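Have a look at the structure below before the remarks.
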Amino acid sequence: MSIARPSADFRTTITENLEDAVSGERMTQAVTIIPCGHTFNEDTVIQCLARNKLCPMDRQLIERYVPNYTIRTLAATIDSESVEKKDSRAEVQARFEPEKQLYEQGNHGAAIAETELLQALQLNPTNKAAISKDRYIDLLLNLLDKPLIQSNKALRKVLEEQVEELMSQKREELTQKQQESYQWTQKLFADNTVRQFVAEKLQQIHAGASSSKTSLQRASASVTSSNLPLPPQPSVSPALSSIPVSSQIASSSSISSTDVKTSLITQITPLKSSPPAMAFGAAEWNQYFGDVGAEPPLPANIQEILSRPCPFWPGKKIQDTHLLVLVPQTVNKTPLTLKSLGELMQNPKQGYKTKYSYLGLGMYTDPPAPASHWVLMTREVLRDSGTKSYTDRAKPYAEQQALVARYAQKTGIPYQVPNVLDAATCIFMEFVRSGTCLYKNKRFGNDSPPYTRCQEKYDHRWQLVVGCFISEGLRIYHNNDCTTDSGVAASWKL
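Here the sequence shown is numbered in the working numbering, starting from 1091 and rising by one per residue.
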């Protein structure tokens, strides 16, 4: 098969993703909002700051914004024929065929995420020139400020070493290796989650750097000494820098340079710890429903996080007041959506079965989970996010968002209002395992609002809500700002 140029439909999809979601204009002045990471034209963000200081996509508080030169460059060059002129047909096909196939199969999100369009456009010199050393340093420093990066010692060390290398580098131009590292680093953090595959790729890129000679010598000395690190105990979540038993070398007399390098790489590769007992992970999904594929790792300090005092309910710990649930991308190779989740709950392999008492989504299109991820969500609505009686008017959604944002700032945990699929999955998984109806109707003894508002909208006026869980099932619908029984939960997408 040969093609003269990328599919027109595929190019259209790329182009649409370079348009400002609010104004519809091409993002030639793109800026990225911190901390949520959504990108708009600068004029749009300035208007949001003047109006309510909230991101128009997920309604998170805007702390600041930074220029996004990559999107600016793409927006300025996407209509250019330079790629087609400079590349032969075979080169264009090799670069775009896998992504084109994803698009034609209907997997538009994966096509955009996996296209690696930056690498395809590197044939245009303007794209390489756009990657400046200062911008790379800013990206690294912003990542190092994030709690999830700070808790990952191995990954943090890789990023810190990159900063030191760039700061000591006199020339402004990036080497080919630095450009490759920059492209991967850009994709490291998304939706408050560290992408494990990208983290491992960065560690591979920098494992053989010339600056690691001293580290190799230290690793060699460590391995040859008698003070080898002890293997982690099964009941304890190992630190990220721990060395598994398989990587330890029994005899120092037969160590080769390959052994030393392998030992070093093993040390900086994050280790997966077993999920805590309270978690509903891949094993539980398999027990009640079926295969969900690979289970993403939890933060190395998850047990310490769960043991902290709960910020919402004094006198309790986080593990007593939260749910920790894996939200998989697929179940038995079928994408997880609200609709498919309801079908699973009607026929689990074991445990308690239920259904939706009502599923009204309005303009929400019920997309599948973009990737498997963990969610830490409160078991009920925050008491100070709802109303004290049926006669009170509900708090506006923006006020509830601000409340969650204040807790996030106070605790250092990136809490936010849950999205609708995460909320429904957490509530349902607790029910299938224990038969407990969380977010239940007030007439059944619950003293907090039975619904949590979610990030997604039912229409241009109202948010989707999840709750009112009774024997007939779980309800997903909308509640307007006059409704008395809508609060918000607090959720952390790990």
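Every residue gets a Cβ at the ideal spot worked out from N, C-alpha and C, and that includes glycine. Note that the structure is predicted; figures quoted are calculated from it, not measured.
Take the alpha-carbon of residue 1444 and the one of residue 1465: they are about 21 Å apart.
Inter-residue distance for residue 1268 and residue 1245 is about 16 Å (C-alpha atoms, whole angstroms).
Within a 10 Å sphere around the beta-carbon of residue 1371 sit 16 or more other beta-carbons, which makes this residue buried. Here residue 1226 is buried: its Cβ has 16 or more other Cβ atoms, across all protein chains shown, within 10 Å.
Between residue 1418 and residue 1382, the gap from beta carbon to beta carbon is short of 8 Å. Excluding sequence positions up to five before and after residue 1127, its CB lies within less than 7 Å of the CB of 1280, all in the same chain and listed in chain order. C-alpha of residue 1115 to C-alpha of residue 1140: approximately 20 Å in a straight line. Close CB contacts of residue 1543 within its chain, under the 6 Å cut and outside five residues either way in sequence, are with 1487, 1553, 1555, 1576 and 1578 (chain order).
The shortest CA-to-CA distance from residue 1391 to any of 1142, 1237 and 1583 is the one to 1237.
Non-local C-beta neighbours of residue 1253 in its own chain, meaning closer than 8 Å and more than five positions away in sequence, comprise 1227, 1230, 1231 and 1234, ordered along the chain. Residue pairing for residue 1412: DSSP places it in a beta bridge opposite 1468. Taking the C-beta atoms as reference points, residue 1143 is found no nearer than 8 Å to residue 1136. CA-to-CA, the gap between residue 1147 and residue 1258 works out to about 39 Å. Look at residue 1376 here: in three-state DSSP terms it is helix.
In the DSSP annotation of this structure, residue 1150 is not part of any alpha helix (DSSP H), being labelled neither H nor E. By the C-beta density criterion, residue 1389 is buried, having at least 16 other C-beta atoms within 10 angstroms. Measuring C-alpha to C-alpha distances from residue 1436 to each of 1582, 1567 and 1562 identifies 1562 as the nearest.
Taken in chain order, the complete beta strand (DSSP E) segments of 3 or more residues contained in the segment 1380 to 1452 are 1412 to 1417 and 1446 to 1449. From the listed residues 1447, 1452 and 1369, the smallest Cα separation to residue 1557 is found for 1447. Annotated three-state conformation of residue 1458 is coil, per DSSP. CA-CA distance, residue 1438 to residue 1256, rounds to 54 Å. The continuous alpha helix (DSSP H) containing residue 1271 extends over residues 1266 to 1276. If you look at residue 1119, you'll find it isn't in any beta strand (DSSP E); DSSP assigns it neither H nor E. Rounded to whole angstroms, residue 1560 and residue 1525 show a C-alpha spacing of 11 Å. When the Cα atoms are used, residue 1399 and residue 1527 turn out to be separated by approximately 24 Å. Relative to the Cα of residue 1513, the nearest Cα in the group 1550, 1475, 1263 and 1565 belongs to 1565. Comparing alpha carbon positions, the residue from 1154, 1529 and 1166 closest to residue 1109 is 1166. For residue 1162, the enclosing alpha helix (DSSP H) has its first and last residue at 1159 to 1167.
Counting other Cβ atoms within 10 Å of its Cβ, residue 1473 stays below 16 and is therefore classed as exposed.
Around the beta carbon of residue 1521, 16 or more other beta carbons sit within 10 angstroms, so the residue counts as buried. By the CB criterion at 8 Å, residue 1456 and residue 1427 fall inside the cutoff. Here the alpha carbon of residue 1377 sits roughly 10 Å from the alpha carbon of residue 1523. Secondary structure note for residue 1524: its alpha helix (DSSP H) is the uninterrupted segment 1510 to 1524. Residue state for residue 1580 is assigned as coil, using DSSP reduced to three classes. Here the C-alpha atom of residue 1509 lies approximately 5 Å from the C-alpha atom of residue 1545. Non-local beta-carbon contacts of residue 1469 in its own chain, meaning distances under 7 Å to residues more than five positions away in sequence, involve 1411, 1412, 1413 and 1528 in chain order.
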